[in-house]
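For the sequence shown, the positions run 0 to 190 when numbering that gives the first Met the number 0 is used. Using N, Cα and C, we set each Cβ at its ideal position, and we do this for glycine too. Treat the numbers as computed from the prediction; the structure is a model and nothing was measured.
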Amino acid sequence: MTLTRKQVLRRYYLKNKEKVLQRTRAWQAKNKNKVRITQKKWRKDNIEKVRVYSISYYRNNPKKRKTQWKKYRDTHKEKRAEYQKKWQVKNRKKANRLHKNWVIKNKEKAKHIDRKQYARRKQAQGLFTLQEWNELKKKFNYKCVRCSKRKKLTVDHIIPLSKGGTNYIFNIQPLCKNCNSSKNNSIKQQN
């Protein structure tokens, strides 16, 4: 039985794995540009294989991919910010549409971001998380502290930011929109 060239090479590779890997790495180190060009050409010619492999890799290694992406984001913050700004300028309509869709899907998060920006403008100390706000609403049984009605609740600062209040959770109380508006910027805490 005669062996094909491929079978002979495969047997040699299996017997001399380390030796082959060392040679390959040495050649790649010397010929970085050739390797890049070859890789790009292969990817271009086998785009469907690359796509299928990428999808399966992402699905099978979510934690590893997440840590890689986080590491990349942390090391390339300025580069990513610059790219995002350029992209938003070029694709203003698409960026606005994507932002509106995100706000529609994430109303609570969007409101929380607005609250943080408002507190920052008022130069208030501290901040509270969305989780703390949800726990505070749960503590009061999702009812307005003032009128005890089960309505849509808004964030109210017991000591208003305009009067030097902080933006920590202990200075927050859940009020319905009507009670919050009637309280205005007075200092009244409900029990």
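Counting only the Cα atoms, Asp44 lies some 12 Å from Arg50. Cys175: member of the beta strand (DSSP E) spanning 171–175, first to last residue. Membership of Thr23 in the alpha helix (DSSP H) is indicated by the continuous run 16–29. According to DSSP, Val154 shares a beta bridge with Pro173.
Gly163 counts as exposed, since fewer than 16 other beta carbons sit within 10 angstroms of its beta carbon. A direct Cα-Cα distance of roughly 14 Å separates Thr37 from Ala28.
Between Leu129 and His111 a beta carbon distance of about 5 Å is seen, short of the 8 Å cut, so the two are scored as contacting. When the Cα atoms are used, Asn170 and Lys137 turn out to be separated by approximately 16 Å. At a Cβ-Cβ threshold of 8 Å, Gln124 and Asn166 count as neighbours.
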